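In this note's numbering, the protein residues as written are 1043 to 1182. We put the beta carbon where it would ideally sit given N, CA and C, even for glycine. Just so we're clear, the structure is a prediction, and the values are computed from it rather than from any experiment. Take a look at the structure set out below.
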């Protein structure tokens, strides 16, 4: 599983999963917190549709953290003030970079979490479509 997909699952899914995975690594391996979770601002890049050019829409508050396991550095960045999630993401990222054997077993858990996210999104979208007005069927 690619890093981007894994990170999206951990951010959009239940934070308890990220905590569980990180704790399973902390229990076995020594890790060093390079940068404790801290807040910062980052620029949000958007694409303007008329000219198809990029521009910076503004800033967003993020929490970032860095951790090291077996000389491999992992980073966790999440929108908002979520210190624990940022720390857990950094530990998980470092575990993957260090190719720890525990990460192989995580693939199934992440796949299940991804399916739950997709189902929840579909359910929310179905609710939204119930309120959609079809102007073609309206009598004037």
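Check your understanding: With 16 as the cutoff for other CB atoms within 10 Å, does residue 1098 come out buried or exposed?
Key -> Taking the chain shown and counting its residues from 1, one reaches residue 1098 at position 56. Exposed is the call here.
Point to revise | Contact check, residue 1110 vs residue 1076, beta carbons under 7 Å | key: Against the chain shown, residue 1110 aligns to sequence position 68. Against the chain shown, residue 1076 aligns to sequence position 34. In this structure, residue 1076 lies closer than 7 Å to residue 1110 by Cβ.
Review point. Buried or exposed: residue 1143, going by 16 or more other Cβ atoms within 10 Å of its Cβ?
Key: Translated into the one-based positions of the chain shown, residue 1143 becomes position 101. Exposed, by the Cβ-count rule.
**Study point:** Exposure of residue 1130, with buried meaning 16 or more beta-carbon neighbours within 10 Å
**Key:** Position 88 of the chain shown, counted from the first residue, corresponds to residue 1130. Buried: at least 16 other Cβ atoms inside 10 Å.
Practice item. For my contact list, residue 1134 and residue 1069 are in at a C-beta cut-off of 8 Å; report their separation, rounded to the angstrom. Key: For the purposes of this step, residue 1134 is taken as residue 92 along the chain shown, with counting starting at 1. For the purposes of this step, residue 1069 is taken as residue 27 along the chain shown, with counting starting at 1. With a Cβ gap of about 14 Å, residue 1134 and residue 1069 do not count as contacting.
Review point. Which same chain residues, not among the five before or five after residue 1096, have their C-beta less than 8 Å away from its C-beta?
Key: Along the chain shown, read from residue 1 onward, the residue named residue 1096 stands at position 54. Hits under 8 Å: 1087, 1088, 1089, 1090.
Practice item. Identify every residue that forms a DSSP beta bridge with residue 1095. Key: Taking the first residue of the chain shown as position 1, residue 1095 is located at position 53. The partner list for residue 1095 (beta bridge, DSSP) reads 1090.
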